[in-house]
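See structure below.
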Amino acid sequence: MHKIETLKLRNENLNSKHFLNLPDDTPYGNLNLKWLDVVQRFDSINDLISDLDKYFKIINIKDANVETANFISDFFYKEKFTIEQIFYWLRKSTDELISLLYVLDYHNLNGEYPTNIKIDCIGFLLSSTNFYVDFVNKYNHLLTILNEVTNAYKHSFVNSEVHSYHGVDYPIAYAYSLKRNTTENSPQFYSVAVNDFIIDYCRFLRDIKYLIQIFELED
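Numbering (my numbering), first residue to last: 3 to 221.
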């Protein structure tokens with residue numbers, strides 16, 4: 003499966019080239035550390051992707067005997083919750099990158115840091131009408147999927163209905179969303195090929211890194 007190596011190659015030792023030169027004295031702390039957290043988190047996400055690849059291959063062993071089949075059955079829940087973890091950490095990292103971009107952009111425009119980070123997550127980014135509009139439009143579908151799937155994982159009381167769903171040809175993230183857990187709303191079913199999503203996410207990551215780098219301090 004594809005790995006997220008946009009900010010740092012997997013298993014590469016962390017070094018100076020992975021850092022950005024961001025402000026280190028802000029009301030929100032050292033922004034370099036926030037960037038570093040995200041960079042290193044993707045190493046952890048890549049470990050989960052490797053685990054997912056392993057679990058999927060075990061589950062799909064052909065011509066399994068009874069003993070092997072019993073062994074394989076234990077990996078269905080591991081696959082399910084590994085996918086959930088991957089999407090959760092992608093969501094958290096995305097929210098942090100959005101917050102970082104907002105703080106840097108605000109400081110650049112106003113000469114001071116915001117007292118409130120008004121765009122600090124995918125939802126607020128998507129609902130904004132004047133914040134990096136072209137960028138948001140380019141990745142609207144990707145961000146909407148990530149937002150809705152992770153919201154379903156966290157909030158939807160009906161998401162357990164996809165408990166036994168399993169991708170046949172490749173790992174798939176399944177989610178069943180019920181907005182505000184109100185039965186008057188129609189449930190929304192999501193089926194997302196994990197590998198394809200990760201490839202698209204790497205493009206998003208490349209572009210948001212470029213936007214953040216614009217605000218690097220001069221040496």
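Glycine included, C-beta positions come from ideal geometry on N, C-alpha and C. All values reported here derive from a predicted model rather than from experimental measurement.
Its chain contains no residue whose beta carbon lies nearer than 8 Å to that of G113 once the 5 sequence neighbours on both sides are disregarded.
Listed in chain order, the non-local C-beta contacts of N32 below 7 Å within the same chain comprise D26, local neighbours out to five positions each way being set aside. Residues I6, I88, W91, L92, S95 of the same chain have their beta carbon placed closer than 8 Å to that of I47, with the five preceding and five following residues left out of the count. When secondary structure is reduced to three states using DSSP, F73 falls in the helix class. If you check the CB distance, L103 and K36 do not come in under 8 Å.
The straight-line gap separating the alpha-carbon atoms of I74 and R43 is approximately 29 Å. Short of 7 Å from the beta carbon of C204, and not among the five residues preceding or following it, lie these beta carbons of its own chain, in chain order: I6, T8. Nearest to L219 by C-alpha distance, out of I63, R182, L24, D122, is L24.
Shown here for I119: same chain residues with a beta carbon closer than 7 Å to its own, the five before and five after excluded, namely S101, Y104, V105 in chain order.
Take L54, set aside five residues on each side of it, and the residues of its chain with a beta-carbon closer than 8 Å to its own are M3, E81, T84, I85, I88, P173, V196, in chain order. When the beta-carbon positions are compared, Y176 and P189 stay at least 8 Å from each other.
If you draw a straight line from the Cα of F159 to the Cα of N187, it is about 13 Å long. In terms of Cβ geometry, D221 and F137 do not form a close pair [threshold 8 Å]. Around the CB of Y79, fewer than 16 other CB atoms lie within 10 Å, so the residue is classed as exposed.
Secondary structure note for S52: its alpha helix (DSSP H) is the uninterrupted segment 33 to 61.
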